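The opening residue of the sequence shown carries number 1 in UniProt numbering; numbering runs sequentially from there.
All C-beta atoms in this analysis are idealised placements derived from N, C-alpha and C, irrespective of residue type, glycine included.
From a predicted model like this one, the values you see are computed outputs, not experimental measurements.
Just below is one structure, and these are the notes that go with it.
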Amino acid sequence: MFEKIQEALDTEWQNLSKKHVALLEATDKMKSEQSGCLQSAKHCRTYIQFLLKEIDKIDKCDDNVDQKKLVSLRDELQRKEILLRDVDDSLPRNPGIYLRIVLGALNISFLSKQDKFAYKNDYEQFKIVVSGISAVLAFLLYFFIQSRVLDIVFHFLLVWYYCTLTIRERILIANGSRIKGWWNIYHFISTVCASILLIWPSSTSYDEFRDQFMLFSLYLNIVHCIQYQYQVGCLYKLHALGQRHPMDITVDGFMSWMFRRMTFTLPFLFGAYIFELYNAYSLYYISRQPYCHEWQVLAVAIIYFIQASGNIITVCMVIRQKLFPSSRMALRWTVSRKYSVVASPGVDSITQIEMVQKYRTDEKSEGDVSDNDGQSNPSQSVD
1 MFEKIQEALD TEWQNLSKKH VALLEATDKM KSEQSGCLQS AKHCRTYIQF
51 LLKEIDKIDK CDDNVDQKKL VSLRDELQRK EILLRDVDDS LPRNPGIYLR
101 IVLGALNISF LSKQDKFAYK NDYEQFKIVV SGISAVLAFL LYFFIQSRVL
151 DIVFHFLLVW YYCTLTIRER ILIANGSRIK GWWNIYHFIS TVCASILLIW
201 PSSTSYDEFR DQFMLFSLYL NIVHCIQYQY QVGCLYKLHA LGQRHPMDIT
251 VDGFMSWMFR RMTFTLPFLF GAYIFELYNA YSLYYISRQP YCHEWQVLAV
301 AIIYFIQASG NIITVCMVIR QKLFPSSRMA LRWTVSRKYS VVASPGVDSI
351 TQIEMVQKYR TDEKSEGDVS DNDGQSNPSQ SVD
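Following this line, the structure appears as structure tokens:
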């Protein structure tokens, strides 16, 4: 019996050694191919940018040029420029200064789409769990508990939460998530705000603002939970249909892809933004009182005003882009729809094809109804 097990071990050990050598060779080959792809992608991007500039020069200087050919060439280059982003998503990316400071020179690019998608889902679960816990704590602290110690615990939870979100979002960006514009810095600003609230000493000014802040936190976290429940389902459908990138994530605001199914959340969001403006006004008023000597009051007032202004401007810009889409957005939509069948990991190809066919059938029937009514549906404009 012992000798048989020993022979089996020797055989399995030989298999393991062969597989390990093959794995190392495959890893080296993959890294070599990745380096080659990175160089090729860099060259292609340089060529595309050069050709687009030359086309613009020709268009301005030469009146005898064939405009149809020029437009066709420009469209083709723009298509390749957009599709080049999908190539970038499968290649290692620079983690950026923030992650290099926090994590060091660490490769945080996942090798497979499944790993990227799993990390994105873990990020979403983290957000909803902590938002739920924050809502419960804010509810208890507003209605039942008056404790400075628990207030500090709550503020520390917010600091930890926003710090963790910023790190996770940088990792998601390095793996293909397209977090841009205002949402790229929103949680950094929230981290600063929560940190200042944490070190705000016990004082008359803190006591005066404390209940208002807890009520605001309760409302904001409830809105986040409502948004999450609808955004996750909406994103899953859009991923499967190829209308959104698989690494797109839920946000604490409103984006163009929410128009079709989530317009009803706009009043709740604007309620939160108005609440932020009211917080800024209240804190500014407190800072002008003779009993207020804490610098944190005016600092938090300024941050709330910046957050509210950024949120409102961003949402208004999203609404404007949705109602009046540019030609470049239309081109991006067309390209993404063309390559939609392989858009979402975790959903098999047959299911994706069936969902795409069903969606297009529903879209066609909705279009027939709107044509009969003599009206157009603005929610179906270009994303």
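Task: Whether residue 194 touches residue 161 by CB criterion (9 Å) - done: Taking the first residue of the sequence shown as 1, we reach residue 194 at position 194. Taking the first residue of the sequence shown as 1, we reach residue 161 at position 161. Going by C-beta atoms, residue 194 is nearer than 9 Å to residue 161.
Open item on the list: Determine whether the beta carbon atoms of residue 141 and residue 300 lie at a separation below 9 Å.
Closed with: For the purposes of this step, residue 141 is taken as the residue at position 141 of the sequence shown. For the purposes of this step, residue 300 is taken as the residue at position 300 of the sequence shown. No, the Cβ-Cβ distance between residue 141 and residue 300 is not below 9 Å.
Task: Simplified DSSP state of residue 100, which is helix, strand or coil - done: The sequence position of residue 100 within the sequence shown is 100, counting from 1. In this structure, residue 100 counts as helix in the three-state DSSP scheme.
Task: C-alpha gap between residue 230 and residue 151, whole angstroms - done: Within the sequence shown, the letter at position 230 stands for residue 230. Within the sequence shown, the letter at position 151 stands for residue 151. Their backbone Cα atoms lie some 31 Å apart in a straight line.
Open item on the list: At the level of alpha carbons, what is the spacing between residue 48 and residue 60?
Closed with: Stepping through the sequence shown from its first residue, residue 48 is reached at position 48. Stepping through the sequence shown from its first residue, residue 60 is reached at position 60. About 19 Å.
Task: Cβ-based burial, residue 271 [other Cβ within 10 Å; buried from 16] - done: The residue you call residue 271 lines up with position 271 of the sequence shown. Per the 10 Å Cβ criterion, exposed.
TODO: Give the range of the alpha helix (DSSP H) segment to which residue 270 is assigned.
DONE: For the purposes of this step, residue 270 is taken as residue 270 along the sequence shown, with counting starting at 1. Counting along the chain, the alpha helix (DSSP H) containing residue 270 begins and ends at 266-287.
Open item on the list: If distances are taken between C-alpha atoms only, which option among 226, 188, 116 and 186 comes closest to residue 174?
Closed with: Sequence index remark: in the sequence shown, residue 174 carries index 174 (1-based). Nearest C-alpha to residue 174: 116.
Open item on the list: Assuming the contact rule is C-beta atoms closer than 8 Å, residue 41 and residue 84 should be a hit. Round their C-beta distance to whole Å, please.
Closed with: Taking the sequence shown and counting its residues from 1, the one referred to as residue 41 is at position 41. Taking the sequence shown and counting its residues from 1, the one referred to as residue 84 is at position 84. The Cβ separation is near 6 Å, so the contact holds.
Open item on the list: Looking at residue 284: is its Cβ nearer than 9 Å to the Cβ of residue 311?
Closed with: Mapped onto the sequence shown, residue 284 falls at position 284. Mapped onto the sequence shown, residue 311 falls at position 311. Result no, Cβ atoms of residue 284 and residue 311 do not sit closer than 9 Å.
- [ ] Assign residue 147 to one of two classes, buried (16 or more other C-beta atoms within 10 Å of its C-beta) or exposed (fewer than that).
- [x] Along the sequence shown, one-based indexing puts residue 147 at 147. By the 10 Å Cβ count, residue 147 comes out exposed.
Open item on the list: My assumption, with CB atoms under 8 Å, is that residue 218 sits in contact with residue 305. Please give the rounded CB distance.
Closed with: As a position in the sequence shown, residue 218 is number 218, starting the count at 1. As a position in the sequence shown, residue 305 is number 305, starting the count at 1. About 21 Å separates the two Cβ atoms, so there is no contact after all.
- [ ] Please classify residue 290: is it buried, with 16 or more other beta-carbons within 10 angstroms of its beta-carbon, or exposed?
- [x] Here residue 290 corresponds to residue number 290 of the sequence shown, with the count starting at 1. Under this definition residue 290 is an exposed residue.
Open item on the list: As an exercise, report each continuous alpha helix (DSSP H) stretch of at least 4 residues that is fully enclosed by the segment 169-202, in chain order.
Closed with: 186-198
Task: N- and C-terminal bounds of the alpha helix (DSSP H) containing residue 126 - done: Locating residue 126 in the sequence shown gives position 126, where the first residue counts as 1. Run containing residue 126: 113-143, per the alpha helix (DSSP H) assignment.
Task: Touch test, the segment 128-138 against the segment 50-70, Cβ-Cβ under 8 Å, three pairs minimum - done: no
TODO: For residue 221, count neighbouring Cβ atoms within 10 angstroms of its own Cβ and tell me buried if that reaches 16, exposed if not.
DONE: If you number the sequence shown from 1, residue 221 lands on position 221. The residue in question, residue 221, is buried, as its Cβ has 16 or more Cβ neighbours within 10 Å.
- [ ] Report the three-state DSSP secondary structure of residue 249 (helix, strand or coil).
- [x] Within the sequence shown, numbered from 1, the residue matching residue 249 stands at position 249. Coil, per DSSP.
Open item on the list: If contact is defined by three or more beta carbon pairs under 8 Å, each pair taking one atom from either stretch, is the segment 90-108 in contact with the segment 163-174?
Closed with: yes
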